[in-house]
Amino acid sequence: GSTAGGGQPRPFARAVEADGWLHVSGQVPAVDGEIIVGGIVEQTHQTMKNLIAILEEAGYGLEDVVRTGVWLEDPRDFWSFNKVFSEYFKSEHAPARACVQANMMVDCKVEIDCIAYKKKA
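So this is what it looks like as structure tokens:
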């Protein structure tokens, strides 16, 4: 399951796997259910750490990610976000991506979800 700030359960799975596809729910820059303090660079790194932890827990890695969805609270953060994003996803293995502006929960500057695929042996 997934837990929000204050230990509140969330009504959705962190990830769901089906026939080699892993659908990871949107991750935010939270540690122990609380949004970290920091700008877009720090928050993007934490969001990616959270995403990677879920991928690895399910036996996947960033190299298996085929699509990401990105929500930015402030579109002016786009270039700074991209710089951090490209540290994790090199151009030769970059996933398809959509990026939109959205009003987020308080103090949250970024949310990322993804779809990964790994051929079944």
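In this note's numbering, each residue carries its 1-based index in the sequence shown increased by 637.
Even glycine gets a Cβ: it sits at the ideal position worked out from N, Cα and C.
Integer Cβ distance of residue i from residue j, believed to fall under 8 Å
i    : j    : result
G657 : K756 : 6 Å
Candidates the options: closest to residue i by CA position
i    : options                : result
V721 : Q683, M742, I691, D750 : Q683
L709 : V653, R651, V737, E729 : V737
G742 : N719, D711, F649, E729 : Note that residue 742 is Met in the sequence shown, not Gly. Considering only alpha carbons, the answer is D711.
N740 : E700, V707, N719       : V707
D714 : R647, G675, E694       : G675
E729 : N719, A735, E700       : E700
Y725 : K686, A695, A650, F649 : K686
Proximity of residue i and residue j at Cβ, strictly below 7 Å
i    : j    : result
V702 : P732 : yes
I749 : L659 : no
S723 : I677 : no
I691 : D744 : no
V661 : A655 : no
T681 : C751 : no
Per-residue burial, residue i [other beta carbons within 10 Å of its own, 16 or more giving buried]
i    : result
A753 : buried
K746 : buried
D669 : exposed
A641 : Annotation note: pLDDT 49 at A641 (below 50); position unreliable, coordinate value reported separately. By the neighbour-count rule (16 or more Cβ atoms within 10 Å), A641 is not buried but exposed.
A650 : exposed
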